[in-house]
Ligand code: NDP
């Protein structure tokens, strides 16, 4: 790929410019050079894309195909993602600032999601009831919900669209997808791979740009459902607009995810997971382990070990395979991080490490940052920072740890490190979060549902649950034999 590369949107199977002819470009957050450019869509382009998706759903072959045929297309997409892994990963790095090794891992995981959804397509069946009486047989059908609007963020562009799109396609939906304007590259590239894999025109339409496009998609009459990943604030707006129009909404939002470290844990394993948990993707991660709760008896030693280990994490050029923390994706995000660090310091937390930008010739980088003496009421203990900033708290009993862990509006994920099986089971039951990790952190599998409690979202992605998210349920009742009852003449049952 030559830089900058110029891309177009994909609507109704064609590569198109925006109707108004406007374009925008993306600058690498690590290298300060323009790397890509795209059409700047507006509501008219959204209308064109939504109508194409509607036509493809109402008239096209896709929803009516045998599941095995949809499955074959999804398997081909997985193979094409693997074929283009190096180029996709590089594009992701240049636009997002994430480390190249990590990006390659995400591309591989995305391909697995397409594989899994292909298998799921053939299991998206309904139910039958043979026990309702001699004269009735009933079926519960699962039908595709229709046109799905997908709005995806900049932190895991290919991965997050792959948590939604293949599952919606598996059951026969069509889609209009809007990637973040910061990182549209791999989603636009994916649309090309879908065409190559044989997906009919109009089934997936990708619009690029920012500023009112997401809202135009959510509110469009041709759209039946919205699937959004991003901030809780925008999630609320999406849910409210969908609610007004009685559309389905599926939301994956923020988190302030606690890791509880007990005194009896394998502390070496916990240490590695704590450092990985907070610095992975520079902390720009809904599953970031941004709160660590340590047993008071071991807190001083464990905190000192976290600080020592944090100093060893390589920060820098994301194209260097040794890098573990790359660039901060946007100036807005860097501003947010700096604001929270200032708030934490002002509130009386101890800034034990970092707390400033890294001086580099190009780009936006932030020091791994650790706060100790954090209290549960501080904003750095309660709110999503979305940066490489760890807040460390202490506890003196498991009850207290769970109470601190649950003291947030969020509930995406939580974890406990312990060798006591009773503590692990109690925490698993009492922590209020969509995913609980016991002696591990941040693993995910296509088979396992993902989503959050409370302000972390609505609905679940992945696993068999995805079928429920992207389908409507239809009940069909069949009379078996002659209808023997008569409403007008039979006695009314008392
Ligand atoms: P947001 O989560 O705020 O979402 C921005 C996206 O939402 C854009 O695509 C925008 O489209 C769309 N949008 C905005 N308003 C509406 C609306 N009313 N209806 C439909 N779509 C809408 O991302 P930001 O980049 O602003 O990030 C802010 C914070 O969000 C981060 O600091 C982080 O805390 C959190 N975040 C969480 C993520 C997660 O994985 N859960 C991912 C990314 C961010 P348009 O521009 O066209 O309006």
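Numbering (this note's numbering), first residue to last: 103 to 596.
Note that CB positions come from ideal geometry on N, CA and C, so glycine has one too.
Per-residue burial, residue i [other beta carbons within 10 Å of its own, 16 or more giving buried]
| i | result |
| --- | --- |
| residue 210 | exposed |
| residue 91 | Residue 91 lies beyond the residue range present for the chain, which begins at 103 and ends at 596; the question has no answer from this structure. |
| residue 579 | exposed |
| residue 383 | buried |
| residue 666 | For residue 666 there is no data in the structure shown, the boundaries of the chain being 103 and 596. |
| residue 204 | buried |
| residue 111 | buried |
| residue 346 | exposed |
| residue 586 | exposed |
| residue 542 | exposed |
| residue 590 | exposed |
| residue 480 | buried |
| residue 501 | exposed |
| residue 458 | exposed |
| residue 547 | exposed |
| residue 252 | buried |
| residue 116 | exposed |
| residue 270 | buried |
| residue 186 | buried |
| residue 361 | buried |
| residue 293 | buried |
| residue 413 | exposed |
| residue 163 | exposed |
| residue 342 | exposed |
Beta-carbon spacing of residue i, residue j below 7 Å
| i | j | result |
| --- | --- | --- |
| residue 389 | residue 544 | yes |
| residue 324 | residue 152 | yes |
| residue 428 | residue 201 | yes |
| residue 473 | residue 482 | yes |
| residue 563 | residue 552 | yes |
| residue 516 | residue 538 | yes |
| residue 391 | residue 380 | yes |
| residue 520 | residue 375 | no |
| residue 536 | residue 565 | no |
| residue 348 | residue 330 | no |
| residue 147 | residue 120 | yes |
| residue 420 | residue 195 | yes |
| residue 193 | residue 288 | yes |
| residue 108 | residue 290 | no |
| residue 504 | residue 526 | no |
Alpha-carbon to alpha-carbon, residue j and residue i
| i | j | result |
| --- | --- | --- |
| residue 431 | residue 161 | 41 Å |
| residue 177 | residue 104 | 29 Å |
| residue 510 | residue 351 | 23 Å |
| residue 174 | residue 255 | 28 Å |
| residue 165 | residue 531 | 40 Å |
| residue 332 | residue 355 | 5 Å |
| residue 250 | residue 496 | 44 Å |
| residue 106 | residue 258 | 21 Å |
| residue 159 | residue 568 | 19 Å |
| residue 296 | residue 132 | 30 Å |
| residue 321 | residue 311 | 17 Å |
| residue 181 | residue 492 | 38 Å |
| residue 398 | residue 453 | 19 Å |
| residue 217 | residue 300 | 16 Å |
| residue 127 | residue 138 | 6 Å |
| residue 471 | residue 407 | 14 Å |
| residue 232 | residue 170 | 27 Å |
| residue 344 | residue 328 | 7 Å |
| residue 422 | residue 442 | 29 Å |
| residue 372 | residue 145 | 48 Å |
| residue 468 | residue 157 | 47 Å |
| residue 114 | residue 155 | 7 Å |
| residue 394 | residue 438 | 21 Å |
| residue 409 | residue 455 | 7 Å |
| residue 237 | residue 230 | 14 Å |
| residue 583 | residue 307 | 47 Å |
| residue 246 | residue 264 | 18 Å |
| residue 123 | residue 315 | 16 Å |
| residue 506 | residue 364 | 14 Å |
| residue 559 | residue 335 | 11 Å |
Residue i beta carbon near the ligand FAD (any heavy atom closer than 6 Å)
| i | result |
| --- | --- |
| residue 445 | This structure simply doesn't include the ligand FAD; it includes the ligand NDP instead. |
Presumed contact (8 Å Cβ cut-off) between residue i and residue j, rounded CB distance
| i | j | result |
| --- | --- | --- |
| residue 262 | residue 309 | With 8 Å as the limit, residue 262 and residue 309 do not qualify as a contact, their Cβ atoms being about 16 Å apart. |
| residue 305 | residue 285 | Not confirmed; about 23 Å, so no contact. |
| residue 226 | residue 184 | With 8 Å as the limit, residue 226 and residue 184 do not qualify as a contact, their Cβ atoms being about 24 Å apart. |
| residue 91 | residue 514 | Past the edges of the chain, shown from 103 to 596, lies residue 91, and the structure says nothing about it. |
| residue 386 | residue 435 | 7 Å |
| residue 447 | residue 242 | Not really, about 57 Å apart at Cβ, beyond 8 Å. |
| residue 190 | residue 260 | 6 Å |
Closer than 7 Å to chain C by CB, residue i
| i | result |
| --- | --- |
| residue 467 | Of the chains in the structure shown, none is chain C; there is only one protein chain. |
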